[in-house]
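Numbering (numbering that gives the first Met the number 0), first residue to last: 0 to 153. Ideal Cβ placement from N, Cα and C applies to all residues, glycine included. A quick write-up on the structure given underneath.
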Amino acid sequence: MRVRELGRFIRDQRGASRLSLRKLSKLAGISNPYLSQIERGLRRPSAEILQAIAKALRISAETLYVKAGILEERTDNVDLEVTIRRDATITQKQKQILLDLYQGFQKEAGAKPRRAQVRKVAAAKRSAPRKAKAKTAPRKPARKAPAKRGRRTR
């Protein structure tokens, strides 16, 4: 187990999340001194403790397991776009939104999108049914109330 490397990683993630040691220990449900010892590489946390820390830091527990040497790092490349398209729990529109976001992030990171996938997205955008906008009559300007002059008599 790479305890020191794990401790540095947790400390860096805590710093990136702008959490104090006390706040992270409270969120993870572990004692402040114990978390401090983990960060300094003096203690070897269990898988359950790593999972609680990961949840508090909002990162995957798998990431911490790999850093701790509990799991081997994945070398297989998962095709996220294929996985999104196969997901039966979300609508076509939701799938398209996820794909657009993912490809946008890839472009931002400098990754070159695959040409066939770009064509599929473009084709999906063209074939998506468009909603007709209802025509509305132009608005008439509001009428102003006549100005009151003098006193009213009965």
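Skipping 5 residues on each side, what residues in its chain have a beta carbon closer than 7 Å to that of residue i?
i	result
L79	Y101
I69	A46
R84	K94
R42	Y33 and Q36
E61	L70
R10	E38
Select from the options the residue whose C-alpha is nearest the C-alpha of residue i.
i	options	result
L26	K54, G109 and L98	K54
R13	G28, L56, L97 and V2	L56
I29	P44, I58, T90 and V81	P44
S16	E4, R3, I52 and R1	I52
L23	Q50, K92, Q91 and K106	Q50
With a CB to CB cut of under 8 Å and the five nearest residues on each side skipped, what residues in its chain are close to residue i?
i	result
R21	N31
Taking only the alpha-carbon atoms, compute the straight-line gap between residue i and residue j and give it to the nearest angstrom.
i	j	result
R73	L63	13 Å
G6	A108	28 Å
F104	E38	31 Å
A87	A67	35 Å
S19	V65	24 Å
G40	I58	20 Å
V2	F8	10 Å
Can you tell me whether residue i is helix, strand or coil according to DSSP?
i	result
N76	coil
P32	helix
D11	helix
S16	coil
Leaving out five residues before and five after residue i in sequence, what residues of the same chain have Cβ atoms less than 6 Å from its Cβ?
i	result
S126	Confidence in S126 is poor, its pLDDT being 49 and thus under 50, which makes the residue's placement too unreliable to answer from.
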